[in-house]
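Okay, structure first, notes after.
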């Protein structure tokens with residue numbers, strides 16, 4: 002198994018999140034920007050990268066510290082290198098309300114979370130570190146992170162050359178009932194232990210982690226826990242084994258990523274019945290598919306944006322995942338890239354799919370990690386070949402007589418002056 006520590010130089014960064022969040026209750030003071038905890042993974046075998054070496058920007062799922070994806074990065078790097086593809090680096094950030102970012106933002110976090118805030122934060126991150134992230138860029142996302150990567154691609158369609166979306170939570174329906182079991186499990190599980198040793202013992206005994214890659218499990222223990230700062234009434238107190246610890250992010254904050262409250266029943270009586278006050282409190286309810294008393298707007302929002310995706314996409318799903326129903330997968334494949342600005346879709350050969358036999362929702366973290374990395378690495382290598390071919394076909398930008406000013410294509414200038422004649426072959430044009 003590839004060792005991330007041996008393969009990468011790992012750099013830590015802290016940078017501001019984007020200004021203003023989607024919901025007023027996302028922050029206790031919207032004028033105080035959140036901070037993101039970021040890690041950059043530079044392959045030790047490519048410390049002086051070439052001009053067109055690929056950079057992978059990643060986003061993870063709910064409840065998983067960013068470091069959990071280090072083994073996946075290591076395996077993808079190995080696969081890419083085996084196909085003679087150099088990687089400039091991998092980047093991943095804990096969202097403002099996940100992982101170590103919650104420690105940096107302690108005391109400022111609110112009780113509401115929008116998935117799309119992290120999409121905008123990633124765009125801000127790429128702009129901030131633009132010198133270290135030239136084109137080509139590949140987006141890699143798991144679960145919620147896959148939806149966030151896809152949404153980022155709608156904000157900036159030409160940002161990513163390609164996307165690898167692993168178990169993306171992107172559906173035409175809200176899927177509230179199917180997530181209730183997950184949320185109840187989250188809320189009932191322990192989040193405090195008398196010591197780090199006690200926490201590690203409990204985590205390693207948990208059936209949930211039974212099939213996980215041991216490298217990932219090590220990182221759950223190392224990066225998913227923190228010492229209690231100021232114990233309050235009801236907290237576990239310091240015992241003989243050491244200082245009490247808790248999960249880095251609270252279980253309630255994790256649940257806030259999954260669901261929102263709609264106890265007003267906004268949308269249930271039709272669009273005409275929604276008041277201004279309703280829209281202020283529940284600003285993102287879809288009146289064509291209302292849900293109460295709970296709702297999740299994000300999975301459905303992103304599904305209906307799939308036609309506009311311009312990057313070529315590889316979907317990776319677990320065959321036994323409760324989310325990867327044949328209907329959901331087929332609707333995703335048939336929809337992606339087929340609309341305005343899209344890549345052309347499945348029929349154009351721009352959308353691919355890989356099934357992991359026996360895989361569950363955690364395939365990039367568990368015993369199936371190697372297969373996921375193999376599929377992703379193969380796809381990325383193929384995509385970089387396509388990217389380099391496209392560069393050879395691009396015409397350079399020419400300068401005109403005015404110093405530094407670009408020269409427009411003469412055919413465009415001719416067409417403007419002679420529009421009627423130039424438009425004769427195009428009788429179906431809507432202009």
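Numbering (our numbering), first residue to last: 2 to 432. All C-beta atoms in this analysis are idealised placements derived from N, C-alpha and C, irrespective of residue type, glycine included.
Please report how far the alpha carbon of residue 203 lies from the alpha carbon of residue 210, in whole angstroms.
10 angstroms
Quick check: the segment 63-75 against the segment 18-26, are at least 3 beta-carbon pairs closer than 8 angstroms?
no
Delimiting residues of the alpha helix (DSSP H) encompassing residue 391
370-393
On the three-pair Cβ rule with 8 angstroms, is the segment 106-115 touching the segment 43-57?
no
At a cut of 8 angstroms, does the segment 382-393 reach the segment 78-87 through at least three beta carbon pairs?
yes
Helix or strand or just coil, what does DSSP make of residue 42?
strand
Taking only the alpha-carbon atoms, compute the straight-line gap between residue 137 and residue 131 and give it to the nearest angstrom.
12 angstroms
On the premise that residue 229 lies in contact with residue 245, defined as a C-beta separation below 8 angstroms, what is that separation, rounded to the nearest angstrom?
5 angstroms
Going by DSSP in three states, residue 304 sits in which element: helix, strand or coil?
helix
The beta strand (DSSP E) enclosing residue 353, as first and last residue numbers:
352-357
Selection from 346, 323, 324, 325 that minimises the alpha carbon distance to residue 334
346
In whole angstroms, give me the CA-to-CA distance for residue 233 and residue 355.
Unreliable positioning characterises residue 233 in this predicted model, as indicated by a pLDDT of 48, which lies under 50. A coordinate reading is not provided.
Got a sec, what are the start and stop residues for the beta strand (DSSP E) residue 16 sits in?
9-17
Below 7 angstroms CB to CB, which residues in the same chain sit around residue 271 once its five sequence neighbours on both sides are set aside?
288
Can you tell me which of 412, 363, 374 puts its alpha carbon nearest to the alpha carbon of residue 57?
374
Is residue 265 helix, strand or coil when you go by DSSP?
coil
For the beta strand (DSSP E) that contains residue 289, what are its first and last residues?
Note, residue 289: premise wrong, no beta strand (DSSP E); not H, not E.
DSSP three-state call for residue 243: helix, strand or coil?
strand
Meets three-Cβ-pair contact criterion under 8 angstroms: the segment 134-150 and the segment 158-174
yes
Count Cβ pairs between the segment 290-298 and the segment 138-155 that sit closer than 8 angstroms; are there 3 or more?
no
Can you tell me whether residue 509 is buried or exposed? The criterion is at least 16 other CB atoms within 10 Å of its CB, across all chains shown.
The structure shown does not extend to residue 509, since the chain is modelled only from 2 through 432, so no value can be given for it.
List the DSSP bridge partners of residue 193.
247
Need the endpoints of the alpha helix (DSSP H) that residue 104 sits in, please.
102-105
When the Cα atoms are used, what is the spatial distance from residue 393 to residue 213?
43 angstroms
Closest by C-alpha distance to residue 79, when choosing among 91, 68, 69:
91
Assuming residue 353 contacts residue 315 (C-beta within less than 8 angstroms), just tell me the rounded distance between them.
5 angstroms
Where does residue 143 land, buried or exposed, given buried means 16+ other C-beta within 10 angstroms?
buried
Identity of the residue in 365, 317, 330 nearest residue 166 by Cα:
317
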